[in-house]
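Residue numbers (the working numbering): 181 to 284.
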C-alpha cells in the first residue's frame, strides 16, 4: 500500500488516519472478494438470486465506467472498454436461454 512507503514523520498527525483508512480499505477488499466468490458459486449453480446480483454489479460497473470518462487520457479508454464489456455481458445474460437457465 502507498501509506507503507511514506515515513510516519512526513505524515504528521495524519498517520493514525492513514492507518485506519488502509485497514478499512483492506477489510472492504476482502469482504467484496468473498461476496464475489459467493455470487460466482451461485452463478455456477444457476441460482436466480446470483443472476440478479450479477446484473446489478454489471450495471454498477457501467456507472463507474461513466465516471472515468471525464478524467481524460487513459480514463477515457478504460471507461469505454468497461462500458462495452459490461454491456456485452448484460446483453448475454438477458438472452432467453440464459434467463431460462437461471429461472428468471
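Positions of the beta carbon are idealized from the N, C-alpha and C atoms, including for glycine. All values reported here derive from a predicted model rather than from experimental measurement.
Is it true that the CB of residue j sits closer than 8 Å to the CB of residue i?
{"i": "residue 259", "j": "residue 238", "result": "no"}
{"i": "residue 270", "j": "residue 240", "result": "no"}
{"i": "residue 231", "j": "residue 273", "result": "yes"}
{"i": "residue 242", "j": "residue 215", "result": "no"}
Secondary structure at residue i, three-state DSSP: helix, strand or coil?
{"i": "residue 241", "result": "helix"}
{"i": "residue 227", "result": "coil"}
{"i": "residue 252", "result": "coil"}
Looking at the secondary structure, which residues open and close the alpha helix (DSSP H) in which residue i lies?
{"i": "residue 276", "result": "276-282"}
Practice task
Evaluate the contact criterion for the segment 199-207 versus the segment 217-230: three or more CB pairs, one atom per stretch, below 8 Å.
Solution key: no
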